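Taken in order, these protein sequences are the chains called A and B. Start counting at 1 in the first sequence, then tack on 11, and there's your number in my numbering. Start counting at 1 in the second sequence, then tack on 4, and there's your number in my numbering. C-beta: ideal position from N, C-alpha, C; glycine also. Quick caveat: nothing in here was measured; it's all calculated off a predicted structure. Some notes on the structure that comes next.
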Amino acid sequence: MGLWLGTPTLVWAVLMLATCASTWWLKSGAATSMLATAAILVIAAVKVRLVIIHFMELGDAPLKWRIFFELWVIVFSGVILAGFWLSAH
Amino acid sequence: MPMSHVLSEKTRRLPGEAGVWIFVGADMLMFGLFFTSFVIERSKNVELYNLSQQALNFNYGGINTLILLTSSWFVVLAVHAAKMDKVRHVAYLLAAGALCGLAFCVLKVVEYTEKISHGISMLTNDFFMYYFILTGIHFFHVIVGTVMLFILCRKALAGTYHSRNVLWLESGATYWHMVDLLWIILFPLLYLMR
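In structure tokens:
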């Protein structure tokens, strides 16, 4: 497969579409506030994971490195979501 | 999963220098604590944070996200081009990545100027203190990364990076992807979520 047609290009297209969806669709009130907030954060966490696995190439890295970065995404997106949820109730 | 897709620990490889990964991990932990601090302070005065957020123009943040993602993509392709010995492509792709970094900086300056001209500063309230400090620290990372990409590009023009020499190109790419990754969280946290 050539330089341009491969996994990185596919991942980039997904990241761009996900960004447009969360910035200009979810933000504009397509969903209720807390639901939209949760969806925006989940989309961001998925985007970060795509960057970690495919752009930073941690998918093929020694497991201890991959686990550290994957845990970072889970822990801090969890903290942020919990903080927003608790302050909304 | 087919056996051919399962990598043993011996065949697994960390791209670039391990020292750069330790720095990247530490930097990400620092930002993780910043995010946590923001969420805790926000919970003490949600109305103020939501009201202040309305003064931000999320179009700037959204466009800057698209710019950084595209920049990261160019840098990934530059590393792949080096591994394929497409030496000229490496330089062009790094130049494209660096120009995207420059575009981010220009838009950030426009955004800051707009805020300051409307009388909004770090001292306005707690939300804007976080806004200026968090985006400011991230902006510093972008400036360092953009300069780094221009330096890598200059070296690539001299034919430095190819399939037998990608270590520092991969290390630079790792740092740049971290800058992208941090913005992916920072942008919704400050501009979108409420």
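- For the set B:I26, B:R17, B:M88, the Cα lying nearest the Cα of M182 of chain B is the one of B:I26.
- Within the same chain, Cβ atoms closer than 8 Å to the Cβ of M67 of chain A are found at F80, the five residues on either side in sequence being excluded.
- Here T178 of chain B has P19, G20, V24, W25, V28 as same chain residues with Cβ atoms under 7 Å from its own Cβ, once five neighbours each way along the sequence are excluded.
- Cβ-Cβ distances below 8 Å link L52 of chain B to N129, D130, F131 in the same chain, with the five nearest sequence neighbours on each side left out; the list follows chain order.
- Taking a C-beta cut-off of 8 Å against chain A, none of the residues of the stretch 146 to 166 of chain B qualify.
- Taking all protein chains in view, the Cβ of A86 of chain B is crowded by 16 or more other Cβ atoms within 10 Å, so the residue is classified as buried.
- According to DSSP, H100 of chain A shares a beta bridge with no other residue.
- In the three-state DSSP reduction, N68 of chain B falls in the helix class (H, G or I).
- At least 7 Å separates the beta-carbon of L98 of chain B from that of A162 of chain B.
- V151 of chain B counts as exposed, since fewer than 16 other C-beta atoms from the protein chains shown sit within 10 angstroms of its C-beta.
- Annotation: A102 of chain B to V90 of chain A spans about 33 Å, alpha carbon to alpha carbon.
- For W83 of chain A, there are no CB contacts under 6 Å within the same chain when 5 residues up- and downstream are skipped.
- A Cβ-Cβ distance of about 5 Å is found for the pair I71 of chain B and A107 of chain B, placing them in contact under the 8 Å criterion.
- For M32 of chain B, the CB contacts under 8 Å within the same chain, skipping 5 residues up- and downstream, are M182, L185, L186 in chain order.
- Each residue's CA atom was taken as its position, placing I51 of chain A and L196 of chain B some 8 Å apart.
- In this structure, the straight-line span from the alpha carbon of N54 of chain B to that of N61 of chain B is close to 13 Å.
- When Cβ-Cβ separations below 7 Å define contact, G13 of chain A makes no contact with chain B.
- T139 of chain B is outside the set of residues whose beta carbon lies under 7 Å from a beta carbon in chain A.
- Straight-line measurement puts the Cα of A95 of chain B at about 5 Å from the Cα of C157 of chain B.
- One Cα belongs to V50 of chain B, the other to S98 of chain A, and the distance between them is close to 7 Å.
- When DSSP states are grouped into helix, strand and coil, H166 of chain B belongs to the strand group.
- Residue-level contact check: L26 of chain A touches chain B, since one or more beta carbons of chain B fall below 7 Å from its beta carbon.
- Note on the stretch 14 to 80 of chain B: there is no whole beta strand (DSSP E) run with a minimum of 3 residues.
- Here A24 of chain A is exposed: its Cβ has fewer than 16 other Cβ atoms, across all protein chains shown, within 10 Å.
- Excluding its 5 nearest sequence neighbours in each direction, M133 of chain B has C-beta neighbours in its own chain below 8 Å: M126, L127, listed in chain order.
- Within chain A, no residue has its beta carbon less than 7 Å from that of W172 of chain B; the closest one is some 15 Å off.
- Put simply, the backbone Cα of R60 of chain A is about 29 Å away from that of Y116 of chain B.
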